[in-house]
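Engineer: Sharing a structure here in structure tokens format.
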Amino acid sequence: MSIKKFLSRLFRWEKGRQNTGYDKMLLGGGLWPNRFDVYLLRFREGQGIPPHVDQVNSGEHYRLNLVLKQPKSGGQFRCINPIFDSSRVKFFRSDVSEHSVAPVKQGTRYVLSIGWVKNT
């Protein structure tokens, strides 16, 4: 991604990649020592993410999700074979572990999501 495109996306809400309505805000990213990104994710009522894996061209894609605000109901994160999973901390290989978020039933869910690709 070019610097101009990166700056145009910084600190602005945009639709998430899974086309389910959740929003993401790019907070930062870089290329060294490994490619990484930092997003704030927002899930409003009715929004979730279907089961999927995140494809990468090469390397291992890790993601650390910190749940900042739980919704009143719904919005549960599910992951097959997480590295670490607690009520607020989710650490997993997003390129090999299928993961999803159940639709939020009531309230809003906010997540700080940090991802990086480890070169292999």
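Heads up, the sequence shown stops at 107 in the working numbering, and the numbers go up one at a time, no gaps.
For each residue, glycine too, the CB sits at the ideal point set by N, CA and C.
(1) If you draw a straight line from the C-alpha of arginine 4 to the C-alpha of arginine 50, how long is it?
(2) Confirm, please, whether the CB-CB distance from valine 91 to proline 58 is below 8 Å.
(3) What residue does the beta strand (DSSP E) around leucine 13 start on, and which one ends it?
(4) Counting C-beta neighbours from all protein chains within 10 Å, is the total for arginine -1 16 or more, i.e. buried, or is it exposed?
(5) Does the separation of the CB atoms of leucine 18 and leucine -3 fall below 8 Å?
Structural biologist: For this structure:
(1) Here the question's residue 4 lines up with position 17 in the sequence shown. Here the question's residue 50 lines up with position 63 in the sequence shown. Between the C-alpha atoms of arginine 4 and arginine 50 there is a straight-line separation of about 15 Å.
(2) Taking the first residue of the sequence shown as position 1, residue 58 is located at position 71. Taking the first residue of the sequence shown as position 1, residue 91 is located at position 104. Proline 58 places its beta carbon less than 8 Å from that of valine 91.
(3) Along the sequence shown, one-based indexing puts residue 13 at 26. Counting along the chain, the unbroken beta strand (DSSP E) around leucine 13 starts and ends at 10 to 17.
(4) Here residue -1 corresponds to residue number 12 of the sequence shown, with the count starting at 1. Per the 10 Å Cβ criterion, exposed.
(5) Residue 18 sits at position 31 when you count from the first residue of the sequence shown. Residue -3 sits at position 10 when you count from the first residue of the sequence shown. Judged by beta-carbon spacing, leucine -3 lies beyond the 8 Å limit of leucine 18, meaning their Cβ atoms are not closer than that value.
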